[in-house]
Amino acid sequence: MLHRTRSPRERGEVLRRACELFVERIDDIARLIALENGKAGADAAGEARYAAEFFRWYAEEAVRSAGHVGLTPATGAECLQDEIFGPVAAMQTFRYEDEVVRRASDTRNGLVAYLCTKGMRRGMGLAERLESWPVSDAAALFGGVKQSGLGREGGKEGMLEFQETQCISTEWQAMRARCGATRQQKPACRSPVNSLPGAALP
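Residue numbering for the sequence shown follows this note's numbering, beginning at 25 and increasing consecutively.
Encoded structure:
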């Protein structure tokens, strides 16, 4: 069977076995390295062990799953019932608010729930119906201070980490003349804060 047609778990077992064989014959491999490169036995053995660790590392990574988009999980699916501390995002579509409230509350857990809606009245109404504590606006900030953390997630402040400040240096008098700006107008500048969606330029 071709290696690429094997499942991730099967690939991991092949690589793990290769690592075991490598370690079992480490002295023989070290002698071959010493004969070929003229290195000292201890150095050759160190290189052989270092190479074996690559097999071990890839064996562990082989069973990991990359991002996957599948069909809407059925109600009661394990990924909807258990708290999965991993890169898993289970998404379901809905048509009516009653339906989404029922689905969101149909779980054994209730640590936290997030809402994303443009209407404050609608959001507050949904929050009161969800069986969770707390219920948070997805755009609200989250984070700790002192020993509990540094920085923020969510909101505009949480997006700053992914922004880059840009400085445009020019002679503004000439720029005003070319753009037809009046003396009273101020040149607009762009920074991470005022370049975020919904932010106004000065």
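The C-beta atom is built at its ideal place from N, Cα and C for all residues, glycine as well.
Quick check on the burial criterion: 16 or more other C-beta atoms within 10 angstroms. Buried or exposed for residue i?
i	result
Ala164	exposed
Ala64	exposed
Val136	exposed
Ala113	exposed
Arg78	Reading off the sequence, residue 78 comes out as Phe, not Arg. When all chains shown are included, Phe78 counts as exposed.
Ile22	Beyond the ends of the chain as shown, which are 25 and 226, falls residue 22; an answer cannot be given.
Ala76	buried
Leu59	exposed
Ala68	buried
Pro226	Any answer about Pro226 is weak, because its pLDDT of 42 lies below 50 and its placement is not dependable; what the coordinates show is given next. Under this definition Pro226 is an exposed residue.
Can you grab the Cα-Cα spacing for the pair residue i / residue j, in whole Å?
i	j	result
Glu71	Ala54	8 angstroms
Tyr82	Glu181	38 angstroms
Glu152	Gly168	26 angstroms
Asp122	Ser129	11 angstroms
Cys43	Gly100	40 angstroms
Arg80	Leu39	7 angstroms
Ala201	Cys191	21 angstroms
Glu84	Gly143	46 angstroms
Ala66	Asp52	12 angstroms
Val124	Phe118	6 angstroms
Arg145	Gln116	23 angstroms
Arg228	Leu139	An answer regarding residue 228 cannot be provided, because it is not within the stretch 25 to 226 covered by the chain.
Leu45	Gly173	45 angstroms
Tyr74	Ile50	11 angstroms
Ile108	Trp196	55 angstroms
Glu48	Arg41	11 angstroms
Gln171	Glu102	34 angstroms
Is the beta carbon of residue i sitting closer than 8 angstroms to the one on residue j?
i	j	result
Asp282	Gly147	Outside the shown range of the chain (25 to 226) lies residue 282, about which nothing can therefore be said.
Phe166	Gly175	no
Leu104	Thr141	no
How is the alpha helix (DSSP H) around residue i delimited, first residue to last?
i	result
Glu68	Reading off the sequence shown, one finds Ala at residue 68, where the question assumed Glu. Per DSSP, Ala68 belongs to the alpha helix (DSSP H) from 65-86.
Arg40	32-48
Cys103	102-105
Arg132	Per DSSP, Arg132 belongs to no alpha helix (DSSP H) and is neither H nor E.
Gln197	196-203
Gly182	179-183
Ala98	Per DSSP, Ala98 belongs to no alpha helix (DSSP H) and is neither H nor E.
Glu152	144-153
From which residue to which residue does the beta strand (DSSP E) around residue i run?
i	result
Ser160	159-161
Ala137	137-139
If you compare alpha carbons, which of the options is closest to residue i?
i	options	result
Pro32	Ile108, Ala86, Gly178	Ala86
Ser88	Phe166, Ser172, Glu34	In the sequence as presented, Ser is not what sits at residue 88; that position holds Arg. Nearest of Phe166, Ser172, Glu34 to Arg88, Cα basis: Glu34.
Ala98	Phe109, Val47, Glu107, Arg127	Arg127
Pro158	Phe46, Asn133, Gly173, Arg49	Asn133
Consider the Cβ of residue i: report whether some Cβ of chain B lies at a distance smaller than 8 angstroms.
i	result
Ala163	Protein chains in the displayed structure number just one, and chain B is not present.
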